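From first to last, the protein sequence lines are chains E and Y. Oh and the first sequence: position 38 is 38 in our numbering, straight run, nothing missing. Just add 287 to wherever you are in the second sequence, counting from 1, and you've got our numbering. Quick reminder that beta carbons are idealized off the backbone N, C-alpha and C, glycines included. Keep in mind it's a predicted model, so treat the numbers as computed, not measured. Encoded as structure tokens, the structure appears first; notes follow it.
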Amino acid sequence: MQIAISGGKGGTGKSTVAINVAVELAKKFRLVLADLDVEAPNDHLLLGVELQNEREVNQFMPKFDYSKCIKCRKCAEVCEEHAIITLKDGTPFLMPTLCSGCRACEIVCPVPGAIQEGSRLIGHTYVTPTPYNFILVTGKLREGEERSMPLVVAAKRRAKEIEKELLIVDTAAGTGNTVSKAIEGSQLLIAVTEPTPLGIHDTELILQLGKLMGIETWVVVNRADLGDVGEVRKRAEKYGARIIAEIPYSENIVKTYVSGRPIVTTDYPEAEIFRKIADEIYRFLRG
Amino acid sequence: MQIVIASGKGGVGKSSVTASLLYLLKDEYKLIAVDADAEAPNLGLLLGVTEWEEEREHIGAKIARINTETCIRCGICMQRCPYECIYIDDEGNYVVNELTCEGCNVCGLVCPVPGTITLEQVRSGVIRKATTKYGFPIISAQLDVGRPESGKLVTEEKEWAKQIMKELNLEHMIVDSAAGIGCQVIASVGGADVAILIAEPTPASLSDVQRVYKVVQHFHEPAYLIINKADINPGFTKLREWAESEGIPILGEIPYDSSIPKSMSMLKPFVEAFPESKASLAIREIAEKIKEEVIQ
Ligand code: SF4
Ligand code: SF4
Ligand code: SF4
Ligand code: SF4
């Protein structure tokens, strides 16, 4: 089983919801939480753990053997990223940062061995045990790398290698194709939003994505007292989504967020809201 | 001059600070604003833009499509797709997931039946232009749901902005970058003259701003820091220590102020909506420093 927690825009409290729900659901399922916000992974900080079991993510990069290359330019023509430039006489050169590692150049090259296996480190994945009886998998893109897709794929793959009953996926902000890659395969999508005019605009987009993907979508309204929840409700209804919780702005949530301690492990009254969200998910999954 | 404002993490108040800075700098300088967060653009909203004067579709993304009539269901495309975007549907057809495809065309190259897989150009989003009620223009973009290439949208936005700068004889471009460190941010930071980083005193924000700073260093651009919500986490000194150890000048601190979320629902820069608030006083000082230290 897999569920995804996403939010349209950044800073809505998506990771706070993800870690708290994970702590609660870990009492009922063997679970893995995958932090697929590979450009800004923070779940480990909110859980107060240090990343462990680092594994490199390397990407294919063509390495030309100029003694074999016949300068036919086929590799450059096929590269959708325009990562290969050719000199006047057809000699190919790679601009490494543009290369996505797709291997299209290797596939079309007519001369065996003219393109050899090179590689580049583009990031890391981590598998970190937490004190809350679940495992955190994290993908982290290397600074200066442009493409988060390969890291999302690698981290998700690593999370799936671990034997578990439930995979919770915490996605990046936005609604581009790396977010859909993270969500893919989920039975349930939880959109964490804010009731501000800006939040509402982004909520609409994430609801659209959920609909296009054909995934049941729920909405959690964070900082619900800072705006008009009625507006969020209208959008949710339009896309057949349901608001399952409203979280008020709370100093206690900020305090626990900052201290690396999930709020569900405290006695603060707000903990109850997250427990209820976890309960709803549990009932949904047990169907 | 091109100034990029970045934070690494979303939600630290980057856009509301940017809107207020634009408001404070607009009388003295001839500006253009670029909202480079193509997946969740909101600077236009914060500056009260309700209608766009001009809109350009960006056709740039490519998506593979499989012709089920000619497909022999050999499965090679599915094995070779680097991003696992091909699946078998309920009827046993091989299908490309259009919401995750990166458009690399590897599937098309390995398919043994010529013409079965085609790479089609699709719309990746729109780029828009408006003149704000404050007089300066803004360029914004919106990536379509499930599309790749948000970085290319940002590059195109900046091109358009440069063109307008020439036409209108403008001096400065202020780019509000997206969250993260990926293609959109690289496209935002690349080509800028200076970066202003915004962070809040939390471990998560520190970690993210450190990452975006590495991207800035990569382009050899000078950087400055603004600490937002400076008082939400008393005792957390690591952000300041990090800036000092890296030699990043701190332009100022903005206290947490409930007038900021209020101004956001009013769709106004907070210095305009609540000019006497603590946050507004702080950002006025920061704007002065930017005039003296960054722009001069
Ligand atoms: S691997 Fe793909 S992106 Fe890289 S150079 Fe070859 S064709 Fe271009
Ligand atoms: S396709 Fe192969 S042989 Fe042709 S230019 Fe590229 S590397 Fe050389
Ligand atoms: S174009 Fe590339 S990413 Fe898209 S389905 Fe084909 S192989 Fe996969
Ligand atoms: S490689 Fe071509 S023929 Fe084979 S399953 Fe894919 S689309 Fe069909």
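Within this structure, are the beta carbons of residue i and residue j separated by less than 8 Å?
i               : j               : result
V472 of chain Y : A465 of chain Y : yes
V581 of chain Y : R571 of chain Y : no
V258 of chain E : N515 of chain Y : no
N20 of chain E  : F274 of chain E : yes
E533 of chain Y : A517 of chain Y : no
E495 of chain Y : G300 of chain Y : Looking at the sequence itself, residue 495 of chain Y is Asp, so the reference to Glu does not match. The answer is no: Cβ separation not under 8 Å.
F216 of chain E : L188 of chain E : Note that residue 216 of chain E corresponds to Glu in the displayed sequence, not to Phe. Closer than 8 Å, so yes.
Tell me, please, whether the CB atom of residue i is closer than 8 Å to any CB atom in chain Y?
i               : result
L205 of chain E : yes
M213 of chain E : yes
I208 of chain E : Sequence inspection shows Gln at residue 208 of chain E; the Ile mentioned does not correspond to that position. So, interface residue.
E54 of chain E  : no
C102 of chain E : yes
G174 of chain E : yes
E163 of chain E : no
V78 of chain E  : yes
I3 of chain E   : no
Can you list the residues of chain E that residue i reaches, using a CB-CB cut of under 8 Å?
i               : result
Y370 of chain Y : M149, P150, V153, K181
C398 of chain Y : Neighbours of C398 of chain Y on chain E: none; closest Cβ ~11 Å, over 8 Å.
K296 of chain Y : G10, G11, A40, N42
I519 of chain Y : V254, V258
Using a Cβ-Cβ cut-off of 8 Å, state whether residue i counts as contacting chain E.
i               : result
R434 of chain Y : yes
D495 of chain Y : yes
A491 of chain Y : yes
V502 of chain Y : yes
P401 of chain Y : no
L309 of chain Y : no
G331 of chain Y : no
L554 of chain Y : yes
M551 of chain Y : yes
So residue i and residue j are supposed to be a Cβ contact under 8 Å. How far apart are they, rounded?
i               : j               : result
V169 of chain E : I183 of chain E : 7 Å
V108 of chain E : L406 of chain Y : 14 Å between Cβ atoms; not a contact.
N392 of chain Y : A114 of chain E : Going by Cβ atoms, the distance from N392 of chain Y to A114 of chain E rounds to 20 Å, so no, they are not a contact pair.
K156 of chain E : L36 of chain E  : 6 Å
K416 of chain Y : E340 of chain Y : 6 Å
P369 of chain Y : C102 of chain E : 5 Å
I485 of chain Y : V304 of chain Y : 6 Å
S411 of chain Y : L330 of chain Y : Actually they are not in contact, since the Cβ atoms of S411 of chain Y and L330 of chain Y sit about 20 Å apart, beyond 8 Å.
Along chain E, in chain order, which residues have C-beta atoms closer than 9 Å to that of residue i?
i               : result
D376 of chain Y : Near D376 of chain Y there are no residues of chain E at all, since even the closest Cβ is about 12 Å away, more than 9 Å.
With 8 Å set as the bound, which would you pick, yes or no: does the beta-carbon of residue i sit closer than that to a beta-carbon of chain B?
i               : result
E533 of chain Y : The chain labelled as chain B is not found among the protein chains of the depicted structure, namely E and Y.
Which of helix, strand or coil does DSSP assign to residue i?
i               : result
Y295 of chain E : Since the first residue shown for chain E is 1 and the last is 287, residue 295 of chain E is missing from the structure and cannot be characterised.
H345 of chain Y : strand
Q187 of chain E : coil
V78 of chain E  : helix
T266 of chain E : coil
N252 of chain E : helix
R223 of chain E : coil
E56 of chain E  : strand
M149 of chain E : helix
Q208 of chain E : helix
T128 of chain E : strand
V321 of chain Y : strand
G230 of chain E : helix
P96 of chain E  : helix
Which residues of chain E have a Cβ atom closer than 7 Å to the Cβ of residue i, listed in chain order?
i               : result
L512 of chain Y : Simply none; closest approach about 17 Å.
C470 of chain Y : E146, R147
Starting from the beta carbon of residue i, find every residue of chain Y whose beta carbon is closer than 8 Å, and list them in chain order.
i               : result
N288 of chain E : Here chain E has residues from 1 to 287 only, and residue 288 of chain E is not among them.
P96 of chain E  : Correct list: empty, because the minimum Cβ distance to chain Y is about 13 Å.
Mind pulling the chain Y residues with CB within less than 7 Å of residue i?
i               : result
D202 of chain E : A327
L45 of chain E  : P490, A491, S494
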